[in-house]
Amino acid sequence: MGITFLIVSFIVFLLLRVPIAFALGLSSLGYIYWFMPASIPLTVVPQLMTSGPGSFPLLAIPFFVMVGELMNASGISQRLVDLAKAAVGHVVGGMGMVSLVSSTLMSSFSGSSVANAVGTGSITIPAMKKQGYPPQVAAAIETSSSSLGTVIPPSISMVVYGSLTGVSIGGLFVGGYVPGIVIILGLALVIRWVARRHNVPVTDRQPLRSVGKALINALGAIAIPVIIMGGILLGFMTPTEAGAVGVGYTFLIAVLFYRSLSLRAIFHVFRRTAVTTGVILAVIATASVFGYILTYERIPAMAADALLANLSSGWAIMLVLVLLLIVIGSFMETNAAIAIIAPVIVGVTAGSGLDPLFVGVIVVLSLSIGVATPPVGVCLFVTSKLAGTTIEKTSVAVLPFVGVVVLLTLLLALFPQLVLFLPNLLGY
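Sequential numbering from 87 applies to the sequence shown in my numbering.
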């Protein structure tokens with residue numbers, strides 16, 4: 087009865103468009119008040135809410151968010167787009183490929199799909215429309231490309247998952263590279279097909295001198311992921327410390343090297359960072375209470391028993407998990423979903439012999455698809471607005487891209503060695 091109340095009340099709050107942090111908190115509070123023993127006081131709620139976000143690894147979140155905000159505010163994103171345009175703008179699918187490469191580069195800095203969509207989409211979507219892409223197709227390309235921000239390190243979602251499950255965040259970062267490359271190749275093939283289908287003209291190849299000039303202009307920015315991931319992989323810094331160093335470096339090159347960051351822009355960077363971080367940590371805080379109740383009701387153990395009783399092989403468990411997570415990701419923001427289901431995932435996979443790091447990468451990858459699908463695909467909303475088209479039209483145009491990503495995710499779930507190759511090579 088109690089767990090039914092918890093789930094139903096949570097769904098009702100979501101249907102009433104109550105923000106997910108409040109929906110989690112209110113449904114959890116109601117459960118504790120009416121269904122838990124009197125020996126467990128309501129004071130357990132603030133205790134859980136403060137202990138959840140109090141994890142040191144979660145301190146990396148505001149740093150990675152701020153790196154992305156600094157890049158957008160200082161115009162570094164434009165330099166990355168210029169580099170991508172000079173390098174791949176002449177191939178079939180020209181500006182679509184530029185959008186993909188730009189988002190890949192941006193993913194290496196921001197750790198956020200939304201930051202990708204805003205930072206590169208505001209530049210690439212108008213350029214794609216100018217080259218001949220229909221508005222909804224331009225939005226679809228940027229939407230699917232921006233989803234890489236959740237997969238390619240440093241990823242905020244991987245920080246959240248690692249901090250909640252104890253899986254190495256550095257290992258998750260490294261494990262995201264191969265899936266990221268596989269998704270990029272798959273999206274590139276779809277972009278070529280879409281460009282041919284819409285007869286998008288091919289632009290002239292840029293001279294090598296122009297490519298070199300664009301590379302030099304973007305060199306300061308390209309060093310950001312080298313510093314962040316290099317510090318982590320070499321053991322000099324934790325992900326949190328690397329994030330702080332990344333912020334300091336990005337700030338310095340924006341102010342001293344590029345000289346493109348005003349005092350007013352700095353204020354807005356801090357404000358947007360605080361808002362974004364506050365939203366993520368509020369969800370984690372209330373999800374900590376929700377997760378406590380799920381553990382109290384033995385939901386993770388029951389889910390594990392039910393799944394393992396019917397599925398004996400690891401590959402079958404992973405396929406079912408991927409499909410379930412894709413559905414969940416379509417209705418819930420990625421980090422919120424991770425905060426809620428992480429204990430269940432650990433319970434389900436603990437006795438299956440599956441590598442926790444492999445499971446973590448596939449979980450994040452599966453949930454990341456939701457940023458490009460209705461009804462809560464945040465990147466879908468951002469790019470549709472930037473392209474001046476409707477969400478309905480973009481939702482149809484994005485189907486081939488989402489289909490390829492889903493198929494590749496299922497493929498990666500069947501071959502753990504593809505995901506674990508680099509982490510094992512580097513000792514994770």
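The C-beta atom is built at its ideal place from N, Cα and C for all residues, glycine as well.
Next on the checklist: Helix, strand or coil, according to DSSP, for Ser141 in the structure here?
Outcome noted: Looking up residue 141 in the sequence shown gives position 55. Judged by DSSP in its simplified three-state form, Ser141 adopts coil rather than helix or strand.
Checklist entry - Buried or exposed: which applies to Gly262, given that a residue is buried once 16 or more other Cβ atoms fall within 10 Å of its Cβ? => result In the sequence shown, residue 262 corresponds to position 176, counting from 1. With 16 or more Cβ atoms within 10 Å of its Cβ, Gly262 is classed as buried.
Next on the checklist: Using 8 Å for Cβ pairs, my map puts Leu156 next to Phe337. What's the rounded Cβ distance?
Outcome noted: Counted from its first residue, the sequence shown places residue 156 at position 70. Counted from its first residue, the sequence shown places residue 337 at position 251. About 6 Å; that satisfies the 8 Å criterion.
Item to check | Euclidean distance between Cα positions of Ala226 and Thr480 | outcome: In the sequence shown, the residue the question calls residue 226 occupies position 140. In the sequence shown, the residue the question calls residue 480 occupies position 394. If I take the Cα positions, the gap works out to 6 Å.
Checklist entry - So, helix, strand or coil for Gly437, using DSSP? => result Counting from one through the sequence shown, the residue named residue 437 turns up at place 351. Assignment of Gly437 by DSSP, reduced to helix, strand and coil, places it in the coil class.
Checklist entry - Quick one: any contact between the segment 241-252 and the segment 168-185, if contact means 3 or more CB pairs under 8 Å? => result With the cut-off at 8 Å, the segment 241-252 and the segment 168-185 do not touch.
Next on the checklist: For Tyr382, report the span of its alpha helix (DSSP H) as first-last.
Outcome noted: Reading the sequence shown from its first residue, position 296 is the one you call residue 382. Its alpha helix (DSSP H) spans residues Leu349 to Tyr382.
Item to check | Exposed unless 16 or more other CB atoms sit within 10 angstroms - verdict on Leu128 | outcome: By 1-based counting over the sequence shown, the position of residue 128 is 42. Residue environment for Leu128: exposed (fewer than 16 other C-beta atoms within 10 angstroms of its C-beta).
Checklist entry - What are the start and end residues of each continuous alpha helix (DSSP H) run of 4 or more residues lying completely inside the segment 223-306, in chain order? => result DSSP assignment within the segment 223-306 yields the following whole alpha helix (DSSP H) runs of 4 residues or more, N-terminal first: 242-251, 255-261 and 263-283.
Checklist entry - Using the beta-carbon count (16 or more within 10 Å), is Asp290 buried or exposed? => result For this step, residue 290 is matched to residue 204 along the sequence shown. Asp290 should be labelled exposed.
Item to check | Whole-angstrom distance between Ile126 and Ala159, CA atom to CA atom | outcome: Locating residue 159 in the sequence shown gives position 73, where the first residue counts as 1. Locating residue 126 in the sequence shown gives position 40, where the first residue counts as 1. Straight across, the Cα-Cα distance linking Ala159 with Ile126 is about 48 Å.
Checklist entry - If Ile209 and Val167 are in contact, beta carbons under 8 Å, what's the gap, nearest whole angstrom? => result Taking the sequence shown and counting its residues from 1, the one referred to as residue 209 is at position 123. Taking the sequence shown and counting its residues from 1, the one referred to as residue 167 is at position 81. Between Ile209 and Val167, the beta carbon gap of about 5 Å places them in contact (Cβ cut-off 8 Å).
Item to check | Cβ-Cβ distance between Pro509 and Gly116 below 8 Å | outcome: If you number the sequence shown from 1, residue 509 lands on position 423. If you number the sequence shown from 1, residue 116 lands on position 30. No, they are not a contact pair.
Checklist entry - What three-state label does DSSP hand Ile126 in the structure shown? => result Taking the first residue of the sequence shown as position 1, residue 126 is located at position 40. Ile126: coil per DSSP, three-state reduction.
Checklist entry - So which of Ser141, Val445 and Leu301 has the shortest CA-CA distance to Ile431? => result Sequence index remark: in the sequence shown, residue 431 carries index 345 (1-based). Sorting Ser141, Val445 and Leu301 by C-alpha distance to the C-alpha of Ile431 places Val445 at the top.
Checklist entry - Considering only the beta carbon of each residue, do Ile414 and Leu380 sit closer than 8 Å? => result On the sequence shown, position 328 is the one that residue 414 refers to. On the sequence shown, position 294 is the one that residue 380 refers to. Here Ile414 is not near Leu380, since their CB atoms are 8 Å or more apart.
Next on the checklist: Quick check on Met323: does DSSP put it in helix, strand or coil?
Outcome noted: As a working note, residue 323 is residue 237 in the sequence shown. Under the three-state reduction of DSSP output, Met323 falls in the coil class, being neither helix nor strand.
Checklist entry - In three-state terms, what does DSSP make of Met87? => result Sequence index remark: in the sequence shown, residue 87 carries index 1 (1-based). Here Met87 sits in coil by DSSP.
Next on the checklist: Looking only at its chain, what residues have a beta carbon closer than 6 Å to the beta carbon of Ala107, apart from the 5 residues adjacent to it on each side?
Outcome noted: The count along the sequence shown starts at 1 and reaches residue 107 at position 21. Within the same chain, Cβ atoms closer than 6 Å to the Cβ of Ala107 are found at Ala368, Val369 and Thr372, the five residues on either side in sequence being excluded.
Item to check | Meets three-Cβ-pair contact criterion under 8 Å: the segment 321-335 and the segment 144-153 | outcome: Yes: the two stretches touch, three or more of their Cβ pairs being nearer than 8 Å.
Checklist entry - Between the Cα of Ile277 and the Cα atoms of Ser163, Val408 and Met181, which residue gives the shortest distance? => result To locate residue 277, count along the sequence shown from 1; it is residue 191. Residue Met181 is the option with its Cα nearest to Ile277.
Checklist entry - What do you get for Met404, buried or exposed, if any count of 16 or more other CB atoms within 10 angstroms of its CB means buried? => result Here residue 404 refers to the residue found at position 318 of the sequence shown. Taking a 10 Å sphere around the C-beta of Met404, we find 16 or more other C-beta atoms and assign the residue as buried.
Checklist entry - Does the separation of the CB atoms of Val488 and Met418 fall below 8 Å? => result Indexing the sequence shown from 1 puts residue 488 at position 402. Indexing the sequence shown from 1 puts residue 418 at position 332. Against a cut-off of 8 Å, the Cβ pair of Met418 and Val488 comes out as no contact.
Next on the checklist: Distance check for Ser399 and Met135, CA to CA, integer angstroms please.
Outcome noted: Mapped onto the sequence shown, residue 135 falls at position 49. Mapped onto the sequence shown, residue 399 falls at position 313. Between the alpha carbons of Met135 and Ser399 lies a gap of roughly 37 Å.
Next on the checklist: Here's a check: name, in chain order, each residue in its chain whose Cβ is nearer than 8 Å to the Cβ of Ile238, leaving out the five neighbours to either side.
Outcome noted: Taking the sequence shown and counting its residues from 1, the one referred to as residue 238 is at position 152. Thr190, Ser193, Ser194, Gly262, Tyr263 and Gly266, listed in sequence order.
Checklist entry - Is it right to say Arg165 is buried, meaning 16 or more other beta carbons lie within 10 angstroms of its own, or is it exposed? => result Residue numbering aside, residue 165 sits at position 79 when the sequence shown is read from its first letter. By the neighbour-count rule (16 or more Cβ atoms within 10 Å), Arg165 is buried.
Next on the checklist: Using 8 Å for Cβ pairs, my map puts Thr495 next to Val406. What's the rounded Cβ distance?
Outcome noted: Taking the sequence shown and counting its residues from 1, the one referred to as residue 495 is at position 409. Taking the sequence shown and counting its residues from 1, the one referred to as residue 406 is at position 320. Contact doesn't hold; Cβ gap of about 13 Å is too wide.
Checklist entry - Using the C-alpha atoms, what's the distance from Ala436 back to Leu498? => result Translated into positions along the sequence shown, residue 498 becomes position 412. Translated into positions along the sequence shown, residue 436 becomes position 350. C-alpha separation (whole angstroms): 20 Å.
Item to check | Coarse secondary structure for Phe501, derived from DSSP in three states | outcome: As a first step, residue 501 must be located in the sequence shown, where it is residue number 415. Phe501 falls in the coil class under three-state DSSP.
Checklist entry - Under three-state DSSP, which class holds Gly317? => result Residue 317 sits at position 231 when you count from the first residue of the sequence shown. Three-state DSSP puts Gly317 in a helix.
Checklist entry - Can you find a C-beta in chain D that's less than 8 Å from the C-beta of Tyr514? => result Of the protein chains in the structure, only one exists, and it is not chain D.
Checklist entry - Since Lys215 contacts Ala423 with CB under 8 Å, what's their CB separation in whole angstroms? => result On the sequence shown, residue 215 is found 129 positions in, with the first residue counted as 1. On the sequence shown, residue 423 is found 337 positions in, with the first residue counted as 1. About 33 Å; that fails the 8 Å criterion.
Checklist entry - Would you report the Cα separation of Ala392 and Arg283, rounded to the nearest angstrom? => result Counting from one through the sequence shown, the residue named residue 392 turns up at place 306. Counting from one through the sequence shown, the residue named residue 283 turns up at place 197. Rounded to whole angstroms, Ala392 to Arg283 spans 46 Å at the Cα level.
Checklist entry - How is Thr476 classed by DSSP in three states: helix, strand or coil? => result As a working note, residue 476 is residue 390 in the sequence shown. Residue state, collapsed to three classes: coil.
Checklist entry - Can you tell me the Cα-Cα spacing of Ile385 and Val492, whole angstroms? => result As a working note, residue 385 is residue 299 in the sequence shown. As a working note, residue 492 is residue 406 in the sequence shown. For Ile385 and Val492, the distance between alpha carbons rounds to 27 Å.
Checklist entry - Ordered along the chain, which non-local residues of its own chain (more than five positions away) have a Cβ less than 6 Å from that of Leu500? => result As a first step, residue 500 must be located in the sequence shown, where it is residue number 414. Leaving aside the five residues that flank Leu500 on each side, the residues in its chain whose CB is nearer than 6 Å to its CB run, in chain order, Trp401.
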